[in-house]
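S.K.: Here you go, one structure.
Protein chains: 2
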Amino acid sequence: MKQVLPEPMRVAFAEAEAAALRGEVPVGAVITNAAGTMLTKAGNRTLEEQDPTAHAEMIVIRQAAKILGSERLVDCNLYVTLEPCAMCAAAISFARIERVYFAAADEKMGAIENGPRFFNQPTCHHRPEVYGGIGEAKGQELMRNFFKNKR
Amino acid sequence: MKQVLPEPMRVAFAEAEAAALRGEVPVGAVITNAAGTMLTKAGNRTLEEQDPTAHAEMIVIRQAAKILGSERLVDCNLYVTLEPCAMCAAAISFARIERVYFAAADEKMGAIENGPRFFNQPTCHHRPEVYGGIGEAKGQELMRNFFKNKR
């Protein structure tokens, strides 16, 4: 049975695919507001911007904060095609994101279900609701194809 | 006996004090290259820039990457007045920073000696050398004064 993806996750996947075409690790992210309206979308741009912090999640968090005029994205939701790393998980917490939806887990760099499990740390002071596996097979396939082509 | 601070840490403290005057959490950071030349300095700007990711460490990492034209800051050292959080610790790792010198530990948000101890995680793939307590008393005092004035 094919899983029907929420529209923001579909857009996040399109951003991930566009990132792959630029030679970036194929991760895409979207932020929606409380009404479900899409505020911003981005793919990884670490190589293009020569910026090690330019993960898709960081870019959409920074853009959404600019749009809302606040460093706190209260009631906003984040959709991302890969489990966030420790940098992005902490930024998600600081931004007070309400819910995180991600596609594929990331055993190598993930920080929600893997590694530091940041939202379960006593030093994490805002924990979003987290829904993993939303488009998991597609998320895994994107990463697998990317690294296969790199070898 | 008064500890003699390395020059980059002195500059980081000046950045932290300037941040406090702007109403920001008083943290300052400096990046030097292999020759010990200061590449960039910054204080926290999360409120001013309405950007939850604008910690001092993140700003200097992004600036240094722009200056060096690479997302990898090989052979560079980071000086910061407070133990980095999980976001900054992961960014330090991604940027391949060689050495991290920090002043005060941060039990509430720190991610090197506290919380996730990110550099000890199996999902951390580059571990800098870390030197804590470089100007510890001054770092603690800055934070204490800041939060006392907030109450």
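Taken in order, these protein sequences are the chains called A and B. Taking our numbering, the leading residue of the first sequence gets 4, the next gets one more, and so forth. Taking our numbering, the leading residue of the second sequence gets 4, the next gets one more, and so forth. By construction, the Cβ of each residue, glycine as well, lies at the ideal position given by its N, Cα and C atoms.
Determine, using beta carbons only, whether T43 of chain B comes closer than 8 Å to chain A.
M.R.: Along the second sequence, one-based indexing puts residue 43 of chain B at 40. Answer no: the Cβ-Cβ gap between T43 of chain B and chain A never drops below 8 Å.
S.K.: Please tell me whether F149 of chain A has its Cβ less than 8 Å away from any Cβ of chain B.
M.R.: Here residue 149 of chain A is taken as the residue at index 146 of the first sequence, counted from 1. Judged by the 8 Å Cβ criterion, F149 of chain A is not in contact with chain B.
S.K.: Which value, in whole angstroms, describes the spacing of the CA atoms of E60 of chain A and K69 of chain B?
M.R.: Here the question's residue 60 of chain A lines up with position 57 in the first sequence. Here the question's residue 69 of chain B lines up with position 66 in the second sequence. In a straight line, the C-alpha of E60 of chain A is about 20 Å away from that of K69 of chain B.
S.K.: Would you say G39 of chain B lies against chain A (beta-carbon separation less than 8 Å)?
M.R.: Residue 39 of chain B sits at position 36 when you count from the first residue of the second sequence. No, because no Cβ of chain A sits closer than 8 Å to the Cβ of G39 of chain B.
S.K.: What does the alpha-carbon distance come out to for the pair Y82 of chain B and V7 of chain A?
M.R.: As a working mapping, residue 82 of chain B is identified with position 79 in the second sequence. As a working mapping, residue 7 of chain A is identified with position 4 in the first sequence. Going by the C-alpha atoms only, they are around 48 Å apart.
S.K.: Report the rounded CA-to-CA distance for L71 of chain B versus N123 of chain A, giving the unit in angstroms.
M.R.: Start at 1 with the first residue of the second sequence, and residue 71 of chain B comes out as number 68. Start at 1 with the first residue of the first sequence, and residue 123 of chain A comes out as number 120. Their backbone Cα atoms lie some 36 Å apart in a straight line.
S.K.: What does a CB cutoff of less than 8 Å around A22 of chain B pick up in its chain, not counting 5 residues either side in sequence?
M.R.: In the second sequence, the residue the question calls residue 22 of chain B occupies position 19. Excluding sequence neighbours, A22 of chain B sits near V28, P29, V30, G31, G46, N47, R48 and A59.
S.K.: Can the beta-carbon of V77 of chain A be found closer than 8 Å to that of V103 of chain A?
M.R.: Working through the first sequence from its first residue, we reach residue 77 of chain A at position 74. Working through the first sequence from its first residue, we reach residue 103 of chain A at position 100. No, Cβ-Cβ distance for V77 of chain A and V103 of chain A is not below 8 Å.
S.K.: Beta-carbon separation of I64 of chain A and A98 of chain A under 8 Å?
M.R.: On the first sequence, residue 64 of chain A is found 61 positions in, with the first residue counted as 1. On the first sequence, residue 98 of chain A is found 95 positions in, with the first residue counted as 1. Yes, the pair counts as a contact, with Cβ atoms nearer than the cut-off.
S.K.: From which residue to which residue does the alpha helix (DSSP H) around M112 of chain A run?
M.R.: Start at 1 with the first residue of the first sequence, and residue 112 of chain A comes out as number 109. No alpha helix (DSSP H) contains M112 of chain A, which DSSP labels as neither H nor E.
S.K.: Just to confirm my understanding: we take I34 of chain A, look at its own chain, exclude 5 residues before and 5 after, and list those with CB closer than 6 Å. What are they?
M.R.: Counting from one through the first sequence, the residue named residue 34 of chain A turns up at place 31. Once the five neighbours on either side are set aside, the close Cβ partners of I34 of chain A are L42, T43, V63, A67, C79 and L81.
S.K.: Quick check: the Cα distance between E150 of chain B and A114 of chain A, rounded to an integer number of angstroms?
M.R.: Reading the second sequence from its first residue, position 147 is the one you call residue 150 of chain B. Reading the first sequence from its first residue, position 111 is the one you call residue 114 of chain A. In the sequence under discussion, the amino acid at residue 150 of chain B is Phe, which differs from the Glu named in the question. Computed Cα separation, rounded: 30 Å.
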